[in-house]
Amino acid sequence: MGSAPVSKQPIYLADTVQVATKILVAGHFGVGKTTYVGTLSEIDPLRTEEVMTASSVGYDDLVGLPDKKTTTVAMDFGRLTLSPRLVLYLFGAPGQERFRRLWQDLAYGALGALVLADTRNLAESFPVFDRVEEFGLPYGVAVNHFAGGRRFDEAEVRDALDLHQDTPLVTCDARDPQSSTIALIRLVEHLHERAVHQESFR
Amino acid sequence: MSGQDDSSLVRSYVITGGRAKPSRADIDVITLIKATPSNEPLHRLNREKRSIVELCRGGALMTVAEAAGYLNLSVALTKVLVADLVDEQLITTRTSPTSTPATDRTLLEEVLNGLRARL
Ligand SMILES: Nc1nc2c(ncn2[C@@H]2O[C@H](COP(=O)(O)OP(=O)(O)O)[C@@H](O)[C@H]2O)c(=O)[nH]1
Ligand SMILES: [Mg+2]
């Protein structure tokens with residue numbers, strides 16, 4: 001008997017790594033999640049096929065009982081080693097309701113979420129915000145510029161997405177490492193400010 | 001989205017013995033895992049569990065999600081299998097995330113420093 005085939009050469013973590021943490025990259029289909037994760041990841045992003053039911057409820061649905069109506073969704077993720085002891089994982093997370101079970105797995109213990117939005121159709125992001133808020137994840141928003149998309153007026157986007165004044169909002173090109181890194185930094189700065197603020201109330 | 005694939009669903013159902021929930025709650029997608037140093041023969045394990053142990057042998061460190069990615073298994077299924085392997089003492093875990101890392105100021109500072117250094 002053989003083993004399950006390894007799809008590509010594994011790139012292991014340094015043995016000095018003690019802490020792994022994660023951030024969700026959330027957004028509707030075609031908004032740039034895969035591109036974003038690929039731009040920032042130090043390894044070729046990995047992809048898994050996760051099982052979802054059309055209706056979605058319990059844990060059973062996730063591993064996939066054969067008699068239920070199911071579908072699969074591709075989930076991709078990448079990693080960034082941030083120090084000899086710390087590694088950050090980025091998980092691309094589709095926003096639709098039926099992927100709630102996957103979200104539960106990804107959101108547990110996550111630092112927060114970066115929501116990618118597209119000015120060509122901001123309303124498509126609404127379900128994504130519903131998911132992020134449902135799981136209590138603090139978040140920032142990165143608006144991608146696509147050809148044909150309206151130039152983004154920050155106040156307009158804030159208003160359309162009903163963002164809190166403290167929620168970070170940046171423009172980002174998911175194909176560009178610099179602007180993608182800045183979007184992540186803005187999010188983590190926001191998370192840090194929140195943590196400091198919460199500490200002062202303890 | 002890649003549509004329906006009933007054969008792989010039946011397969012994952014069989015691999016886990018019909019269980020969908022991990023035997024332990026402490027296995028997360030980013031739990032760091034490695035194989036325990038042991039020469040125990042793995043032939044009694046099913047193919048998927050054996051491949052996880054082989055992937056993580058020799059002190060090789062990775063997360064549950066990465067093991068799933070390299071072995072073309074779903075993350076949900078891999079969590080179940082890794083939990084079993086931990087119970088069987090063939091896999092050890094290093095750390096799992098806490099439920100509230102967003103309030104961990106020191107961790108956030110470490111993340112920020114690492115990200116800023118990449119600019
Ligand atoms: N102009 C522009 N195109 C982008 C950007 N991000 C992604 N794309 C393109 O949009 C398409 C969909 O991106 P993808 O990452 O697959 O979206 P996903 O469905 O959210 O994973 C691809 O053709 C990308 O090259 C961006 O920031 N700007
Ligand atoms: Mg994608």
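The listed protein sequences correspond, in order, to chains X and Y. Taking the UniProt record's numbering as reference, the numbering of the first sequence is continuous, increasing by one, and the terminal residue is 202. Taking the UniProt record's numbering as reference, the numbering of the second sequence is continuous, increasing by one, and the terminal residue is 119. All C-beta atoms in this analysis are idealised placements derived from N, C-alpha and C, irrespective of residue type, glycine included. From a predicted model like this one, the values you see are computed outputs, not experimental measurements.
- The alpha-carbon of D130 (chain X) is positioned some 33 Å away from that of I33 (chain Y).
- E88 (chain Y) is outside the set of residues whose beta carbon lies under 9 Å from a beta carbon in chain X.
- In this structure, V64 (chain Y) sits away from T98 (chain Y), with a CB-CB distance that is not shorter than 9 Å.
- The Cβ-Cβ distance between R202 (chain X) and T39 (chain X) does not fall below 9 Å.
- Not one heavy atom of ligand 2 sits closer than 8 Å to the Cβ of A65 (chain Y).
- Rounded to the nearest angstrom, the gap between the Cα atoms of A123 (chain X) and Y36 (chain X) is 21 Å.
- Note that the C-beta distance between D105 (chain X) and K79 (chain Y) is below 9 Å.
- The three-state secondary structure of P94 (chain X), taken from DSSP, is strand.
- Under the Cβ criterion of 9 Å, E40 (chain Y) is not counted among the residues facing chain X.
- Every unbroken stretch of the beta strand (DSSP E) spanning 3 or more residues and falling wholly within the segment 119–144 of chain X is given here in chain order: 139–144.
- Relative to the non-hydrogen atoms of ligand 1, the Cβ of V87 (chain X) never comes closer than 8 Å to any of them.
- The C-beta of V75 (chain Y) comes closer than 9 Å to at least one C-beta of chain X.
- In this structure, DSSP gives D84 (chain Y) a helical state, which the three-state scheme calls helix.
- With the rule of 3 Cβ pairs closer than 8 Å, the segment 69–87 of chain Y counts as touching the segment 4–19 of chain X.
- Beta-bridge pairing by DSSP links E49 (chain X) to X:A74.
- Remark: C-beta atoms of V25 (chain X) and L114 (chain X) approach each other more closely than 9 Å.
- Under the three-pair Cβ rule at 8 Å, the segment 85–103 of chain X counts as touching the segment 16–32 of chain X.
- Those residues whose C-beta sits under 7 Å from the nearest heavy atom of ligand 2 are, from N- to C-terminal order along the chain, X:K33, X:T34, X:A74, X:D76 and X:G92.
- Using a CB distance below 8 Å, the part of the segment 180–195 of chain X facing chain Y consists of T181, I182, L184, I185, V188, E189, L191, H192, R194 and A195, ordered along the chain.
- L116 (chain X) carries a strand assignment under DSSP once its states are collapsed to helix, strand and coil.
- Of the residues assessed, A117 (chain X) falls on the buried side of the cut-off, its CB having 16 or more other CB atoms within 10 angstroms.
- DSSP, reduced to helix, strand and coil, places T93 (chain Y) within a strand of the structure shown.
- For F91 (chain X), the closest Cβ of chain Y is nearer than 9 Å.
- Collapsing the DSSP output to three states places I33 (chain Y) in a strand.
- Counting along the chain, the unbroken beta strand (DSSP E) around K22 (chain X) starts and ends at V19 to G27.
- At a C-beta separation below 8 Å, G112 (chain X) has these neighbours in chain Y: A102.
- Excluding five sequence positions before and after S180 (chain X), the CB atoms of its chain that fall closer than 7 Å to its own CB belong to Y36, T39, L40, C172 and A174, given in chain order.
- Under the criterion of beta carbons closer than 8 Å, R44 (chain Y) and E199 (chain X) do not qualify as touching, at roughly 50 Å.
- Bounds of the alpha helix (DSSP H) holding L71 (chain Y) are V64 to L71.
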